[in-house]
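Each residue of the sequence shown is one higher than the one before, counting from 57 in my numbering. The beta-carbon is built from N, C-alpha and C at its ideal position, and this holds for glycine as well. This report concerns only the one structure given below.
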Amino acid sequence: LPDPQREDAESDWSADSWSDYGSRDKPGTALGRTVPDGNVLFPDIFHTDHLLFYERFSAYQDYILADCKASEVKQFIAEYLEKVLEPCGWQAIWRTDVFQVLVGVVGVNFPALKAVVQLSEPFLCESQDSSFTQECMQELLELKEHQILLQELWVVYDESGEFDQTALAIEHLRFFYRSIWRTWDEEEEDEFDYFVRCVEPRLRLHYDILEQRVPSGLVVDYQNLLSQCEELYKKFLDVRNSISSSDSDSEAENVSMVEGLKLYDKVEHLKQKLKLIENPLLRYVFGYQKYGSLQAKGLRPTGAKVIHVVPWTMTANLLHLLARDKLCPESCEDLEIQFHRDPLAAVNACYEGDRVIICPGHYFVDGVFSIADSVELEGYGLPDDVVIEKQGKGDNFFDCTGANIKISNLKLVQHDAVEGILNVHHGKTTLENCVLQCETTGITVRTSAELLMKNSDLYGAKGAGVEIYPGSACSLLHNGIHHCKEGILIKNFLDEDYEAPKITMVHNMIHNNDGYGVVLVRPAMPSEMKDASGQGTKGTLLFLEETPKTTKSSIPRFLDCIRNTQPTQAGDETACAEGSRQEQPGCVTDELELCKQAETSEQTENNSEIANVLGATSAKKTQIHKKRLSELGFTEADDNLMSQEMFVSVEGNQFKWNGKGSFGIFFF
57 LPDPQREDAE SDWSADSWSD YGSRDKPGTA LGRTVPDGNV LFPDIFHTDH
107 LLFYERFSAY QDYILADCKA SEVKQFIAEY LEKVLEPCGW QAIWRTDVFQ
157 VLVGVVGVNF PALKAVVQLS EPFLCESQDS SFTQECMQEL LELKEHQILL
207 QELWVVYDES GEFDQTALAI EHLRFFYRSI WRTWDEEEED EFDYFVRCVE
257 PRLRLHYDIL EQRVPSGLVV DYQNLLSQCE ELYKKFLDVR NSISSSDSDS
307 EAENVSMVEG LKLYDKVEHL KQKLKLIENP LLRYVFGYQK YGSLQAKGLR
357 PTGAKVIHVV PWTMTANLLH LLARDKLCPE SCEDLEIQFH RDPLAAVNAC
407 YEGDRVIICP GHYFVDGVFS IADSVELEGY GLPDDVVIEK QGKGDNFFDC
457 TGANIKISNL KLVQHDAVEG ILNVHHGKTT LENCVLQCET TGITVRTSAE
507 LLMKNSDLYG AKGAGVEIYP GSACSLLHNG IHHCKEGILI KNFLDEDYEA
557 PKITMVHNMI HNNDGYGVVL VRPAMPSEMK DASGQGTKGT LLFLEETPKT
607 TKSSIPRFLD CIRNTQPTQA GDETACAEGS RQEQPGCVTD ELELCKQAET
657 SEQTENNSEI ANVLGATSAK KTQIHKKRLS ELGFTEADDN LMSQEMFVSV
707 EGNQFKWNGK GSFGIFFF
């Protein structure tokens with residue numbers, strides 16, 4: 057019986073309904089042309105690899121894949137090609153890694169996604185060596201029964217417009233199998249829409265990389281993971297096929313089954329990492345170590361330590377002040393001083409123990425400060441007087457891997473970056489009395505790194521102001537973090553073998569952020585996922601919704617809900633005062649004092665709740681580690697050695713006017 061829905065869908069296919077490039081009813085091509093690479097004078101081909109994101113997105117979603125399952129992908133593509141592809145009468149360049157040759161298409165095998173071709177006259181071929189003669193190519197085509205993959209064809213340009221849709225359709229096919237499809241996709245569960253689950257996130261990642269919105273280190277990690285996964289999956293298939301083709305129950309087959317299970321686990325682990333990077337919301341949860349190979353210079357061969365001075369303009373008065381304040385300590389004998397024109401050159405010239413003094417001025421730097429030694433970078437004056445501003449595109453601004461780095465009295469201004477303004481990859485970095493004007497993420501504290509930030513001001517981050525990774529240590533004292541997407545983002549992976557981050561937050565002002573003041577990112581436990589699904593929450597991501605303002609007695613419920621508290625704002629105090637004037641004109645001062653006390657009490661609750669939630673999360677992690685040891689046969693574990701608890705000191709912090717409240721939990 058005919059399918060009414062399918063007939064309706066097919067009726068929507070008109071000559072110009074599925075393309076932004078016109079239709080066959082309109083004379084002339086709407087596509088550009090390009091000259092093929094190489095020394096042979098091939099005819100021009102259609103220029104189709106410049107398509108925008110929305111063009112590919114619309115084609116795959118609306119006309120090619122729709123709501124198909126992974127197992128139906130090839131069928132849906134074949135049906136699409138059958139509607140738009142010219143079955144014969146066009147030329148194309150057949151390209152492989154070894155050669156390219158001009159062919160004519162005389163037919164199409166749609167179910168196999170192949171074209172039936174023959175060599176064109178005159179014979180045009182270019183190869184890496186001279187062995188591919190016309191006779192050789194003819195024999196190759198006969199071996200292939202004159203059928204080659206459509207995605208290996210580049211359609212020859214035709215100004216009539218008759219083959220526009222053919223060229224576009226083959227481009228969509230080629231891009232899909234090169235950039236979207238994975239060899240393991242067909243074996244994934246068919247419960248979900250393949251386009252939503254796989255195509256859209258991979259397509260977005262592809263264009264994010266093209267538009268330089270993904271750190272280059274993360275791109276390299278993704279490509280390496282993809283290669284590893286493909287290699288392991290191929291080995292897994294070989295092992296599985298060898299088992300299925302054998303009917304014996306031998307010891308060798310049992311060994312193969314164990315090997316297959318191990319390979320399967322490795323493939324699944326890599327696939328999960330790939331999905332993390334493909335998901336734009338979770339992409340930066342996957343922390344990569346980009347500068348692990350950066351080597352420190354160590355001490356100078358002479359053992360001397362140098363003071364590097366960077367003057368915007370040097371005057372006699374400035375030199376006198378520098379000599380008095382910085383260049384002549386208690387013992388200045390044999391003190392070596394070097395002068396540099398810009399801060400980056402000074403840092404690049406540093407060895408272990410050196411010091412860089414930057415004089416007042418506005419410095420424009422095109423490059424990255426990669427600090428691998430224990431050096432001190434200091435502005436001579438107030439932060440607003442010593443400004444280092446980034447020029448040009450790049451992943452990040454400051455990368456710190458030294459054992460003990462100190463940066464003080466500087467204003468850092470970031471532009472055109474992909475990563476944050478300052479990344480602490482290894483060692484300890486102290487940031488004191490600085491101003492950080494961010495553009496993407498603010499400060500990132502990676503695993504095994506330590507940050508001490510005090511008396512500083514950070515604002516403008518499109519991500520989190522401070523990102524704290526598992527296994528790191530972060531102390532935030534007397535800082536302002538404001539006008540970011542999120543204030544502080546704490547990442548704690550309960551299912552990974554990372555220590556919980558050690559955090560100290562004392563007397564910080566966290567205000568005017570779009571989201572939460574502090575966000576904890578962690579995996580959802582099965583019970584939490586069950587509760588969320590019972591409430592109708594769908595998807596992998598769970599944002600716990602805001603709840604009414606709680607009292608002290610409700611704080612222990614923090615694992616089940618987020619208390620979305622908005623501090624009392626100036627308007628509330630005014631309203632409170634106005635009401636007091638109307639009811640008891642003589643008690644205005646007392647009422648205002650009560651309002652202030654209420655706000656102070658609320659801020660105290662915010663600090664207590666954050667400390668309690670982080671402590672409880674850390675305790676849960678400890679339980680998981682003890683359970684794993686117990687499963688391995690270690691029934692008695694030293695609590696001191698096993699302690700993974702998050703050292704938390706959260707007190708005196710103020711949270712004001714954050715869009716979603718003071719504290720939230722982000723489950724994935």
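Per DSSP, what kind of secondary structure is residue i in: helix, strand or coil?
| i | result |
| --- | --- |
| Glu219 | Before going on, a small fix: residue 219 reads as Phe here, not Glu. Coil at Phe219, not helix or strand. |
| Ser636 | Its pLDDT being 36, under 50, Ser636 is placed unreliably by the model, and nothing is read from it. |
| Asp123 | coil |
| Glu318 | For the sequence presented, residue 318 should be read as Lys rather than Glu. Note: Lys318 maps to helix in three-state DSSP. |
| Ala168 | coil |
| Arg397 | coil |
| Lys712 | strand |
| Cys406 | coil |
| Leu288 | helix |
| Val159 | strand |
| Ala505 | strand |
| Gln203 | strand |
| Phe232 | helix |
| Val706 | strand |
| Gly273 | helix |
| Asp513 | strand |
| Ala86 | coil |
| Asp429 | coil |
| Tyr278 | helix |
| Glu555 | coil |
Alpha carbon to alpha carbon, how far is residue i from residue j?
| i | j | result |
| --- | --- | --- |
| Gly359 | Tyr407 | 10 Å |
| Glu475 | Glu191 | 55 Å |
| Asn662 | Asp118 | 48 Å |
| Pro416 | Ser718 | 37 Å |
| Tyr320 | Leu532 | 43 Å |
| Val164 | Ala171 | 4 Å |
| Val575 | Arg258 | 27 Å |
| Ser272 | Asp153 | 26 Å |
| Leu282 | Leu326 | 8 Å |
| Ala473 | Leu400 | 17 Å |
| Lys462 | Arg260 | 39 Å |
| Val140 | Asp277 | 38 Å |
| His103 | Lys200 | 28 Å |
| Val457 | Leu487 | The question names Val, but residue 457 is Thr in the sequence shown. Their backbone Cα atoms lie some 14 Å apart in a straight line. |
| Phe722 | Glu542 | 12 Å |
| Asp249 | Gln131 | 15 Å |
| Val314 | Ala308 | 10 Å |
| Gln710 | Pro336 | 31 Å |
| Trp210 | Asn297 | 35 Å |
| Glu128 | Arg230 | 18 Å |
| Glu208 | Thr496 | 40 Å |
Taking the beta strand (DSSP E) that residue i belongs to, which residues open and close that run?
| i | result |
| --- | --- |
| Glu523 | 520 to 524 |
| Lys462 | 460 to 464 |
| Val442 | 442 to 446 |
| Val412 | 411 to 414 |
| Gly571 | Counting along the chain, Gly571 falls outside any beta strand (DSSP E), and DSSP gives it neither H nor E. |
| Arg151 | 146 to 151 |
| Tyr419 | 417 to 421 |
| Val491 | 491 to 493 |
Taking the alpha helix (DSSP H) that residue i falls in, what are its first and last residues?
| i | result |
| --- | --- |
| Tyr263 | 256 to 266 |
| Glu475 | Segment: none, Glu475 is in no alpha helix (DSSP H) and carries neither H nor E. |
| Phe132 | 129 to 140 |
| Met193 | 190 to 199 |
| Phe723 | Here Phe723 belongs to no alpha helix (DSSP H); instead the beta strand (DSSP E) covers 717 to 723. |
| Glu111 | 109 to 114 |
| Leu180 | Here Leu180 belongs to no alpha helix (DSSP H), and DSSP marks it neither H nor E. |
Quick check: is the beta carbon of residue i nearer than 7 Å to any beta carbon in chain B?
| i | result |
| --- | --- |
| Ala372 | The question asks about chain B, but that chain is absent: this structure has only one protein chain. |
I believe residue i touches residue j by the beta-carbon criterion, under 8 Å. Please report the beta-carbon distance rounded to the nearest angstrom.
| i | j | result |
| --- | --- | --- |
| Leu514 | Cys494 | 7 Å |
| Phe425 | Asp398 | Going by Cβ atoms, the distance from Phe425 to Asp398 rounds to 11 Å, so no, they are not a contact pair. |
| Ile427 | Val443 | That belief does not hold up - the Cβ atoms of Ile427 and Val443 are roughly 19 Å apart, past 8 Å. |
| Thr17 | Ser216 | This structure does not reach residue 17, given that the chain is present from 57 up to 724, and the question cannot be answered. |
| Val295 | Tyr116 | Actually they do not touch by this definition, with Cβ atoms about 33 Å apart. |
- Item | In chain order, each beta strand (DSSP E) run of at least 3 residues that lies wholly inside the segment 355 to 384 | 362 to 366
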